[in-house]
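Chemist:
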Amino acid sequence: MKFSHFASIISGGVVLILGAILIPIFNYILPIELAKSLTLKDNTKGLTAWEHPMDTSDAYITFYVFDVQNPNDVLQGAKPVLVEKGPYVYYAGKYRTDVEFEPNGTVYFRAPRTMVFDKSKSKGSENDTFTTINVPLYTIMTMIKNHPVADVIFGEGLKLFPNITMFKNLTVYEILWGYEDPILKTIKDILDALPVPLNLPIKIDGYFGFFYQKNNTDTGLFNVNTGKNGMKDFMFINSWNKETHVPYWKSEYCNRINGTDGQVYHPFVDKAKRMYMFVSDLGRSIYLTYKKGVELEGIPLYRFTPPPELWMYEDHPENECFCVGDVCPHPGALNISACQGGAPVFVSLPHFLYGDYYRGLVEGMKPSQEAHDTYIDVEKTSGIVMEGSKRIQLNLAVERIEHIVETKNLSTLLFPVIWLDQSANINEKGIKQFKQELFYLQISIPIVAYCLIAIGSLFFLLGVIILIVRKQRSRRLRASSADAKLVDENSPLLSDDGASTSSTASLSRPDNVAA
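For the sequence shown, counting from 1, position 179 maps to 179 in the UniProt record's numbering; every step adds exactly one.
1) Secondary structure at aspartate 205, three-state DSSP: helix, strand or coil?
2) For threonine 412, count the other beta carbons within 10 Å of its own beta carbon; 16 or more makes it buried, fewer makes it exposed. Which is it?
3) Is tyrosine 88 near phenylalanine 109, with beta carbons less than 8 Å apart?
4) Answer yes if the segment 338-356 comes into contact with the segment 257-269, meaning at least three C-beta pairs across the two stretches below 8 Å, and no otherwise.
5) Below 8 Å on the Cβ atoms is my guess for serine 285 versus glycine 259; work out the distance and round it to an integer in Å.
6) Quick one: Cα of lysine 2 to Cα of glutamine 472, how far?
7) Taking only the alpha-carbon atoms, compute the straight-line gap between asparagine 72 and threonine 39 and give it to the nearest angstrom.
8) Which residues bound the alpha helix (DSSP H) around tryptophan 50?
9) Using 8 Å as the threshold, is the C-beta distance between isoleucine 133 and phenylalanine 167 below it?
10) Looking at the unbroken beta strand (DSSP E) that takes in glycine 86, where does it start and where does it end?
11) When the Cβ atoms of the segment 343-359 are set against those of the segment 390-408, are three or more pairs found closer than 8 Å?
12) Closest to glutamine 422 by CA distance: which of Val327, Glu406, Val398 and Asp281 is it?
13) Following the continuous beta strand (DSSP E) through aspartate 98, name the residue where it begins and the one where it ends.
14) Since tryptophan 419 is in the beta strand (DSSP E), which residue starts that stretch and which ends it?
15) What whole-angstrom Cβ distance do alanine 333 and tyrosine 302 have, given they're in contact under 8 Å?
16) Compute the beta-carbon to beta-carbon distance between isoleucine 187 and leucine 288, rounded to the nearest angstrom, for a pair I have assumed lies under 8 Å.
17) What residues are listed by DSSP as bridge partners for tyrosine 60?
18) Report the CB separation of tyrosine 138 from glutamate 180 in whole angstroms; it is logged as a contact under 8 Å.
19) Near cysteine 321, which residues of its chain fall below 7 Å by C-beta distance, leaving aside the five closest residues on each side in sequence?
20) Compute the distance between the beta-carbons of residue 516 and leucine 47, then report whether it is under 8 Å.
21) So, with DSSP's three-state summary, where would you put proline 31?
22) Put methionine 143 into one of helix, strand or coil per three-state DSSP.
23) Just checking, does the segment 104-121 make contact with the segment 77-93 on the three C-beta pairs under 8 Å criterion?
24) Could you pull out every residue in the same chain whose Cβ sits closer than 7 Å to the Cβ of alanine 397, ignoring the five residues on either side in sequence?
25) Name the DSSP bridge partner or partners of proline 300?
26) Could you give the distance in angstroms between the alpha-carbon of asparagine 146 and the alpha-carbon of glutamate 402?
27) Is methionine 54 helix, strand or coil when you go by DSSP?
28) If we count the other Cβ atoms within 10 Å of its Cβ and call it buried at 16 or more, is histidine 52 buried or exposed?
29) Excluding the 5 residues preceding and the 5 following glutamate 309 in the sequence, name in chain order all residues of the same chain whose CB lies nearer than 7 Å to its CB.
30) Taking only the alpha-carbon atoms, compute the straight-line gap between phenylalanine 222 and threonine 131 and give it to the nearest angstrom.
31) Using the rule of at least 16 other Cβ atoms within 10 Å of the residue's Cβ for burial, across every protein chain shown, is arginine 264 buried or exposed?
32) Would you mind reading off the limits of the beta strand (DSSP E) that contains arginine 110?
33) In whole angstroms, what is the alpha-carbon distance linking serine 474 and alanine 454?
34) Do you know offhand how far tyrosine 290's Cα is from phenylalanine 101's?
35) Does the Cβ-Cβ distance between glutamate 363 and lysine 79 come in under 8 Å?
Laid out in structure tokens, this is it:
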């Protein structure tokens with residue numbers, strides 16, 4: 001019986017130690033396995049998944065347009081009354097091409113994107129019409145308003161352009177993918193006829209669309225870290241179009257290309273630190289901060305969002321270098337005219353989320369953090385972004401332009417035209433693959449280790465308890481035996497009635513007495 005409790009203590013201790021040893025072993029193995037799985041190099045699953053992300057994830061770009069209900073009143077200075085129409089959803093197929101690995105542990109690539117209209121997910125068709133401000137007309141007015149040619153083109157207002165007005169009826173397809181605009185075509189002919197070429201910062205070929213000639217194209221040549229030299233800066237963008245800085249802003253800090261493309265980060269994400277993302281469409285880097293924990297198919301994730309102060313300027317000197325010219329926008333907007341060839345385009349979050357001032361100048365805005373804020377959901381151990389949405393609203397800066405009579409009553413405001421949601425999420429195949437290759441490894445070894453620790457602790461404790469109980473019982477038995485012996489040794493020779501306590505007592509007197 002003694003062997004059983006000693007065996008329990010010894011075996012429990014061994015199992016406990018084994019479980020405790022597994023934890024540091026796991027902490028040593030996990031980074032190695034992650035590096036093997038994620039590092040971009042030839043003939044690896046990580047490279048295949050990176051080059052063909054649509055195999056394991058689904059990506060969409062969803063557009064919403066703002067339909068102007070009172071265009072004539074706006075020309076007289078009234079607030080625009082807007083009604084959102086949509087969603088118009090496009091499947092965004094993406095792959096990476098022109099992949100060239102460098103000896104220094106980096107890789108060059110391009111990422112073309114093909115967008116195909118998904119009628120089943122959309123509310124309406126690409127042929128839906130809406131009324132919006134005449135973006136190319138007002139853009140041209142703004143860009144050449146201080147040039148002598150403005151008097152030639154607009155000196156008589158719009159009399160040179162019959163049937164052209166400040167507001168225009170367009171289809172969803174036209175505002176996105178382009179249409180031949182009569183005023184752009186006329187201006188192109190005028191510019192071509194000038195004796196001295198007018199060097200405008202954008203090409204005028206007679207067509208306009210926010211994404212004109214951008215389908216089936218990429219956003220530039222990127223260079224990122226492959227993980228070969230360590231995972232700390234994994235997928236960090238080193239250059240864009242072979243430049244480490246953009247030329248649009250006022251300081252080296254604001255022009256610096258910083259972060260990843262927002263699809264994957266380095267392993268072991270720290271929720272206390274900022275997550276940086278370079279957004280080529282905005283010509284700048286942004287940062288996101290931890291908001292809350294979420295879950296996807298049993299996988300715990302960290303949700304990061306851009307903080308409201310990213311859109312603020314007053315009392316935020318780190319943002320002042322993003323101001324174009326000497327005047328900063330009101331909170332909630334960013335002037336991106338510098339990276340749009342001078343076109344008066346401002347971006348904001350949809351429905352002017354965090355932009356109270358601009359929201360107050362129009363009717364119909366209904367901001368919601370859940371529906372309109374940008375976010376990424378990151379798996380903290382691998383750094384893979386499982387879900388995310390990048391949401392941006394495109395606004396035209398509108399104001400009165402001297403010597404153009406059609407603008408004389410316009411209010412100064414940011415005119416919302418469209419907003420878009422670029423979303424991506426890991427699909428069923430991707431979740432299955434992630435769980436098999438990384439997630440089960442993350443949870444299985446710790447579970448085994450803690451189970452061994454629990455079982456070992458239980459056996460060890462049980463053995464100790466049995467040992468203590470048996471020792472206490474043994475002490476009690478020895479104490480009882482000692483007490484019994486002590487009682488026996490101290491017993492009297494005569495009983496209380498004077499009778500002999502021994503058979504020899506009868507020998508103390510004769511059996512027969514003579515009469």
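Note that the Cβ used here is the ideal one computed from N, Cα and C, for glycine as well.
Modeler: Concretely, from the data shown:
1) Reduced to three states, the DSSP call for aspartate 205 is coil.
2) The residue is exposed, with fewer than 16 neighbouring Cβ atoms inside 10 Å.
3) In this structure, tyrosine 88 sits away from phenylalanine 109, with a CB-CB distance that is not shorter than 8 Å.
4) Short answer: they don't touch.
5) The C-beta separation of serine 285 from glycine 259 comes to about 5 Å, placing the pair in contact by the 8 Å criterion.
6) Residue placement at lysine 2 cannot be trusted, given a pLDDT of 48 that sits under 50; the coordinates are not used to answer.
7) Each residue's alpha carbon lies about 58 Å from the other.
8) 45-51 is the extent of the alpha helix (DSSP H) around tryptophan 50.
9) Pairing isoleucine 133 with phenylalanine 167 gives a Cβ-Cβ distance under 8 Å.
10) Run containing glycine 86: 82-94, per the beta strand (DSSP E) assignment.
11) With the cut-off at 8 Å, the segment 343-359 and the segment 390-408 touch.
12) Closest option to glutamine 422, Cα to Cα, is Asp281.
13) Taken as a continuous stretch (DSSP letters only), the beta strand (DSSP E) holding aspartate 98 covers 97-101.
14) From DSSP, the beta strand (DSSP E) with tryptophan 419 extends over 413-426.
15) In fact, because the Cβ distance is near 28 Å, the residues do not count as touching under 8 Å.
16) With 8 Å as the limit, isoleucine 187 and leucine 288 do not qualify as a contact, their Cβ atoms being about 41 Å apart.
17) Answer by DSSP bridge pairing, in chain order: Tyr91 and Ser423.
18) In fact, because the Cβ distance is near 18 Å, the residues do not count as touching under 8 Å.
19) Taken in chain order, the residues that qualify are Trp249, Lys250, Ser251, Tyr253 and Cys254.
20) With the chain running from 1 to 515 in the structure shown, residue 516 is simply not present.
21) Annotated three-state conformation of proline 31 is helix, per DSSP.
22) Here methionine 143 sits in helix by DSSP.
23) Proximity of the segment 104-121 to the segment 77-93 meets the contact definition, three or more beta-carbon pairs being nearer than 8 Å.
24) For alanine 397, where only same-chain residues beyond five positions count, the Cβ hits under 7 Å are Pro344, Phe346 and Leu414.
25) Note: proline 300 sits in a beta bridge opposite Glu295.
26) Asparagine 146 and glutamate 402: Cα-Cα distance of roughly 9 Å.
27) Three-state result, methionine 54: helix.
28) Looking at its Cβ environment, which holds fewer than 16 other Cβ atoms inside 10 Å, histidine 52 is exposed.
29) Within the same chain, glutamate 309 has close Cβ partners His316.
30) If I take the Cα positions, the gap works out to 38 Å.
31) Here residue 264 turns out to be valine, not arginine, going by the sequence shown. Here valine 264 is buried. Its C-beta has 16 or more other C-beta atoms within 10 Å.
32) For arginine 110, the enclosing beta strand (DSSP E) stretches over residues 106-110.
33) Spanning the two alpha carbons is a distance of roughly 30 Å.
34) Computed Cα separation, rounded: 33 Å.
35) Cβ atoms of glutamate 363 and lysine 79: closer than 8 Å.
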